[in-house]
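Chemist: Residue numbers (this note's numbering): 213 to 613.
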Ligand SMILES: Cc1ncc(COP(=O)(O)O)c(C=O)c1O
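1) Which of helix, strand or coil does DSSP assign to residue 256?
2) What would DSSP say about residue 221, mapped onto helix, strand or coil?
3) Confirm the yes/no value for this check: CB of residue 573, any heavy atom of ligand 1, distance under 8 Å.
4) Excluding the 5 residues flanking residue 578 on each side, which residues of the same chain have their C-beta closer than 6 Å to its C-beta?
5) Kindly say whether residue 453, judged by its beta-carbon, lies nearer than 9 Å to any beta-carbon of chain C.
6) What is the residue span of the alpha helix (DSSP H) that residue 517 lies within?
7) In this structure, does DSSP put residue 400 in helix, strand or coil?
8) Ligand 1 and residue 395: does the residue's C-beta get closer than 8 Å to at least one heavy atom of that ligand?
9) What are the partner residues of residue 240, as DSSP defines its beta bridges?
10) When the Cα atoms are used, what is the spatial distance from residue 412 to residue 253?
11) Tell me the DSSP bridge mates of residue 360?
12) Per DSSP, what kind of secondary structure is residue 621 in: helix, strand or coil?
13) I need the straight-line Cα distance from residue 320 to residue 381, nearest angstrom please.
14) Mind checking whether residue 569 and residue 576 have CB atoms under 9 Å apart?
15) With the cut-off set at 9 Å, would you say residue 393 and residue 387 are in Cβ contact?
16) In whole angstroms, give me the CA-to-CA distance for residue 352 and residue 346.
17) Just to confirm my understanding: we take residue 424, look at its own chain, exclude 5 residues before and 5 after, and list those with CB closer than 7 Å. What are they?
18) Under 9 Å between the Cβ atoms of residue 684 and residue 426?
19) How far does the alpha helix (DSSP H) with residue 439 in it reach, from first residue to last?
20) Are there any heavy atoms of ligand 1 lying less than 8 Å away from the beta-carbon of residue 321, as far as the coordinates show?
21) Considering Cα atoms alone, identify which of 599, 561 and 584 is closest to residue 520.
22) Return the CA-CA distance between residue 295 and residue 289, expressed in angstroms with no decimal places.
23) State yes or no: is the C-beta of residue 276 within less than 9 Å of the C-beta of residue 485?
24) Count the other C-beta atoms from every protein chain shown that fall within 10 angstroms of the C-beta of residue 518, then say buried if there are 16 or more, exposed otherwise.
25) Quick one: give me the first and last residue of the alpha helix (DSSP H) that residue 605 is part of.
26) Regarding residue 445 and ligand 1, is the C-beta to nearest heavy atom distance less than 8 Å?
27) State buried or exposed for residue 596, treating a residue as buried only when at least 16 other CB atoms are found within 10 Å of its CB.
28) Taking Cβ to Cβ, would you say residue 613 is nearer than 9 Å to residue 531?
29) Exposed or buried, what is residue 216 when buried is set at 16 or more other beta-carbons lying within 10 Å of its beta-carbon?
30) Under three-state DSSP, which class holds residue 307?
31) How long is the line joining the alpha carbons of residue 594 and residue 528, rounded to whole angstroms?
32) Any heavy atom of ligand 1 closer than 8 Å to the CB of residue 518?
33) By DSSP's criteria, residue 549 is part of a beta bridge. Which residues make up the other side?
34) Could you work out which residue in 535, 422 and 550 is closest to residue 340 when comparing CA atoms only?
35) Less than 7 Å between C-beta atoms, sequence neighbours within five positions excluded: which residues of the same chain meet that for residue 313?
36) Does the count of Cβ pairs from the region 352-365 and the region 302-309 closer than 8 Å reach three?
The structure is reproduced here in structure tokens:
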């Protein structure tokens, strides 16, 4: 794909690299892992930090959050930023909570949820390892258990995923944790159907949407979940670290941040907006990331990213004689395929290959092992173009045994 002129002000492809601080000698095919913050968002963040330092106590104690200790002269800055993000994901402004990252969002839910002895948390083998750890920790404190479901994969469909979850629910299941976009497999899961199913069975849902804000259209209230968390620093161009957390009305009374501070029992916004002295600049600069996305054109960006990742993955899969594991509609800006089988599937071999790509070929790509196979996750962002994936293919060709 050559660079293309869009109706907006931007030309996608390598010309876009000037908007990010990325080292131009690196082929960066891993936007999903920790995001990459655009220059203009970093500049706004720095301006906010400079403003804080002009009068830090006033900014951090009297302007940032309303914890009911004294009247604020202006709207709390955290709420103004939250309102901008809320509009982007169709939440009511007061219901949009900031947390540091998706891990913290999931921990807040898991550590607050009223589990009882004998309860079961259901999660899937496509879930993110850190969240699985958090589920085990929360379960162990309450005498509850964790059950991990093996999703039908590869050769999967949305209907097959829903059926497998339905079959795994039991009378003891209290909470299902499911990814909206799976970290390893890149699959977009049918979270609205899954949530409807769980609601009908009296099971709460926590959706881990770490890869969703910015990457996919999101209408948080419409999905019908109990809890939703998603990173803003991956695909929504906010500074790191920043994520959102949302809870359904009937779940808000029990929810608390993992850190209890001055906002305790003064409402969810107060509880989450004030967690002691810390750097609020990622949250306050988040609206700039969203402005950048809108300027790129959300539909144009998503279409470019999907097409690039899908075309690269399907052409590599055809070359290696492997199948793309799911239909095209189950992928957004990332597609994961089995790696050329000639590379083997030993975790140490795959890690060595990944390091060689990174340190010798200067290609940042996500390689991992799962279910005794090696996999390659290809991410695409508007600064990528087809030549990047060709560089990866050539580097892999040189290294194959
Ligand atoms: C599905 C999923 N959940 C959670 C996380 C954790 O994100 P963070 O480290 O920002 O908390 C990731 C990170 O890639 C992820 O892919």
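Cβ coordinates follow ideal geometry from the N, Cα and C atoms, glycine included.
Owing to the predicted nature of the structure, the values given are computational and were not obtained by experimental measurement.
Modeler: Working from what's here:
1) Of the three classes helix, strand and coil, the one that applies to residue 256 here is helix, per DSSP.
2) No answer about residue 221 holds up, because its pLDDT of 49 lies below 50 and its placement is not dependable.
3) Not under cutoff, so the answer is no.
4) Taken in chain order, the residues that qualify are 242 and 589.
5) Although the question refers to chain C, the structure presented lacks it and comprises just one protein chain.
6) First-last of the alpha helix (DSSP H) with residue 517: 510-532.
7) In the structure shown, residue 400 adopts extended strand secondary structure according to DSSP, grouped into three states.
8) Of the heavy atoms belonging to ligand 1, at least one sits nearer than 8 Å to the Cβ of residue 395.
9) Paired residues: 576.
10) Taking the straight line joining both Cα atoms gives about 43 Å.
11) Among the bridge pairs identified by DSSP, residue 360 is matched with 335.
12) For the chain, the structure presents residues 213 to 613; residue 621 sits outside this window and is missing.
13) A straight-line Cα-Cα distance of about 23 Å links residue 320 and residue 381.
14) Using a Cβ distance threshold of 9 Å, residue 569 and residue 576 count as a contacting pair.
15) 9 Å or more divides the Cβ of residue 393 from the Cβ of residue 387.
16) One C-alpha to the other measures close to 10 Å.
17) Same-chain partners within the cutoff: 392, 393, 430 and 442.
18) Because the chain in this structure spans residues 213 to 613, residue 684 falls outside the shown range and cannot be described.
19) Note, residue 439: premise wrong, no alpha helix (DSSP H); beta strand (DSSP E) at 439-443.
20) Outside the cutoff, so no.
21) Ranking 599, 561 and 584 by Cα distance to residue 520 puts 599 first.
22) Distance between the alpha carbons of residue 295 and residue 289: 10 Å.
23) The Cβ atoms of residue 276 and residue 485 lie closer than 9 Å to each other.
24) Buried, by the Cβ-count rule.
25) If you look at residue 605, you'll find it in the alpha helix (DSSP H) that goes 598-611.
26) Within the cutoff, so yes.
27) By the 10 Å Cβ count, residue 596 comes out buried.
28) Taking 9 Å as the Cβ cut-off, residue 613 and residue 531 do not qualify as a contacting pair.
29) Here residue 216 scores only 44 on pLDDT, less than 50, and its place in the model should not be relied on; the value that follows carries that caveat. With fewer than 16 Cβ atoms within 10 Å of its Cβ, residue 216 is classed as exposed.
30) Here residue 307 sits in helix by DSSP.
31) Just so you know, the alpha carbons of residue 594 and residue 528 end up roughly 20 Å apart.
32) For ligand 1, not one heavy atom lies less than 8 Å from the Cβ of residue 518.
33) Beta-bridge pairing links residue 549 to 588.
34) With respect to the C-alpha of residue 340, the residue from 535, 422 and 550 having the closest C-alpha is 422.
35) Within the same chain, and ignoring the five residues on either side of residue 313 in sequence, the residues whose Cβ sits closer than 7 Å to its Cβ are 443, 453 and 455.
36) With a cut-off of 8 Å, the region 302-309 and the region 352-365 do not count as touching, because too few Cβ pairs lie within range.
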